[in-house]
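Our numbering puts the first residue of the sequence shown at 10, with every later residue one more than the last.
See structure below.
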Amino acid sequence: QRAATERHVLRCSAEFVSCSGKHRVIRVWKILQVEDQEELGPNDNVCEVSLSQDLEHDSVVESIAARGNDLILAGERMGNVVLWKRKSNLFLPHGKQANGTWSATRTFSWIPKSDYLRKVDECMALGITALAFVDDKYFVSGSRSGHVRVWSTEGTRKEGEVSKEAAVSITGAHTGKVTRVQKGPPLSGFHVSFSSASSDGKTLSFVFQKMAKGNEKPKCFKVVNHNTNRYLLDRNDISVTTLAPVVLGDRVALLTSTSNGYVNLIESPKSIPSIDALIAYRTRIEQESLNLRHIAYQLSRGVESNKCRKNVKKSHRDCFSGYDAVTFLVEKQFAATREDAVELAQVLAARLGLYSCIKGTCLVDSPRSLCRFEAEYLKQSLRRSRTTT
């Protein structure tokens with residue numbers, strides 16, 4: 010308003026799209042400057058916002074994306090993506106042709122017709138929660154089930170056609186809802202990159218090569234897990250809420266914000282690694298799980314647990330003390346300190362169900378802390394030892 014009074018605003022016109030995430034309609038709005046600005050007062054509006062068009066869908070729209078002033082993507086809760094295109098009126102003057110109406114030209118859906126017979130909650134897991142254009146030809150969609158797909162906007166000129174085959178399909182990329190997808194930095198050749206963020210706390214960056222025919226084979230070149238303390242018992246799961254590019258000199262990095270209030274800067278690698286980063290990450294996680302099972306097996310065999318121990322004038326059979334377990338973990342160099350050994354023992358109980366505490370909720374470094382190995386876990390460990398031998 011002050012800028013209008015001082016005549017600092019010379020021209021203002023724009024359009025934007027909005028969706029509530031609870032309705033089947035997305036709305037296209039116009040922002041136009043007030044024509045007669047000579048009579049504007051200090052509290053008068055410089056621009057006016059008016060509804061241009063309502064775009065109806067078959068189910069609730071959860072995500073939208075736009076490219077320029079001619080394409081709109083709308084992701085539906087039932088797993089479909091609708092491409093809207095502006096139709097210009099050639100009979101209007103050149104400056105007013107951009108005010109044409111929007112029409113649905115193509116629907117992208119990988120769901121077979123047999124899957125429409127699923128339950129409602131199962132279908133809602135396929136909902137499109139994130140959309141982004143990554144190229145003049147491609148866009149990325151992320152779903153509530155954690156799947157990421159790349160689609161080509163090209164097709165026939167027939168209105169209402171349904172595209173069933175995605176250019177790139179990355180199933181199970183995330184274990185939680187995809188919250189954001191973002192176009193990646195420009196790459197040499199025919200490569201296109203993009204990144205995805207999820208409620209599971211991970212940010213993944215992919216690259217694929219554009220081809221004329223056939224499905225592309227993507228490659229993950231960056232994995233960042235913001236849940237660094239994933240083995241802590243009292244941890245709060247962290248989700249990535251925002252994903253945006255930022256230019257650092259001649260390089261493009263990613264700026265992420267997480268649910269714990271932190272803002273993180275992720276630098277892009279100088280070159281694409283030869284090994285898929287997501288495969289390497291999952292291999293490392295699997296190795297950590299195997300290490301935990303190995304430690305649990307050694308602890309169940311190395312700590313004497315067939316004694317009858319007393320605690321507050323009451324005897325308990327077939328149990329071990331927290332002090333003995335901590336001592337074993339430190340002596341076998343599974344933990345550097347006794348404090349680390351206590352945390353490791355608590356992780357073994359929470360993640361693997363190795364033992365249960367007779368008194369109290371968790372193991373502590375004390376002879377009075379009595380625990381008992383779970384019979385089911387001992388049977389499984391004995392079965393595995395027989396198989397390996």
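From the three backbone atoms N, C-alpha and C, an ideal C-beta is built for every residue, glycine too.
Bear in mind that the values here come from a model prediction, so they are computed numbers and not experimental data.
Lys-31 is not a Cβ neighbour of Val-91, given a cutoff of 8 Å.
Spanning the alpha carbons of Cys-28 and Tyr-271 requires a straight line of approximately 27 Å. DSSP places Ser-280 in the coil class of the three-state scheme, outside both helix and strand. Note on Lys-316: under 16 other CB atoms within 10 angstroms of its CB, so exposed under the neighbour-count rule. According to the DSSP secondary-structure assignment, Cys-380 is paired through a beta bridge with Phe-329, Cys-366. Between Ser-61 and Lys-39, the CB-CB gap stays under 8 Å.
For Gln-42, the secondary structure class from DSSP, reduced to helix, strand or coil, is strand. Collapsing the DSSP output to three states places Ile-120 in coil. Between Gly-210 and Ile-179, the CB-CB gap reaches or exceeds 8 Å. Using a 10 angstroms sphere on the CB of Asn-54, the tally of other CB atoms stays under 16, which defines it as exposed. At a Cβ-Cβ threshold of 8 Å, Asp-259 and Val-201 do not count as neighbours. Leu-252 is bridged by DSSP to Thr-265. Asn-300 sits in a helix when the DSSP states are folded into three classes. Non-local C-beta neighbours of Asp-374 in its own chain, meaning closer than 7 Å and more than five positions away in sequence, comprise Gly-331, Tyr-332, Val-335, Arg-347, Val-351, ordered along the chain. For Ala-354, the uninterrupted alpha helix (DSSP H) segment begins and ends at 347–361. Taken atom to atom, the span from the alpha-carbon of Asp-327 to that of Gly-185 is near 41 Å.
His-200: member of the beta strand (DSSP E) spanning 200–207, first to last residue. Scanning its chain for C-beta atoms nearer than 7 Å, with the 5 sequence neighbours on each side dropped, one finds around Glu-170 the residues Arg-115, Gly-164, in chain order.
In the three-state reduction of the DSSP assignment, Ala-175 falls in the coil class, being assigned neither a helical nor a strand state. The beta carbon of Val-233 sits closer than 6 Å to the beta carbons of Thr-212, Ile-275 from its chain, once the five residues preceding and following it are set aside; these are given in chain order.
In the DSSP assignment, Cys-317 falls within the beta strand (DSSP E) that extends over 316–319.
DSSP links Phe-25 through a beta bridge to Trp-38. Straight-line spacing of the CA atoms in Val-312 and Gly-155 works out to 42 Å. For Glu-85, the enclosing beta strand (DSSP E) starts and ends at 80–85. Setting aside the 5 residues that flank it on each side, Ser-365 is surrounded in the same chain by Ala-358, Cys-380, Arg-381, Glu-383, each with a C-beta closer than 8 Å to its C-beta; the list follows chain order. Per DSSP, the continuous beta strand (DSSP E) segment holding Gln-218 begins and ends at 211–218. Burial is judged here by how many other beta carbons sit within 10 angstroms of a residue's own beta carbon; Leu-308 has at least 16 and is buried. Counting of Cβ neighbours within 10 angstroms places Gln-218 among the exposed residues, the total staying below 16. The Cβ-Cβ distance between Pro-194 and Ser-277 falls below 8 Å. Sorting Ala-75, Glu-168, Phe-230, Tyr-306 by C-alpha distance to the C-alpha of Ser-283 places Phe-230 at the top.
Within the model, the alpha-carbon separation for Ala-83 versus Leu-140 is close to 8 Å.
With distances taken between CA atoms, Lys-279 lies nearest to Val-261 out of Ala-289, Val-261, Ser-268, Thr-292. Among the bridge pairs identified by DSSP, Ala-113 is matched with Trp-93. Contact annotation: Ser-205 and Gly-136 have beta-carbon atoms that are not nearer than 8 Å. Contact between Val-216 and Ile-120 does not hold, since the beta-carbon distance rounds to 27 Å and is not under 8 Å. Sixteen is the threshold: since fewer than 16 other Cβ atoms of the shown chains lie within 10 Å of the Cβ of Asn-300, the residue is exposed.
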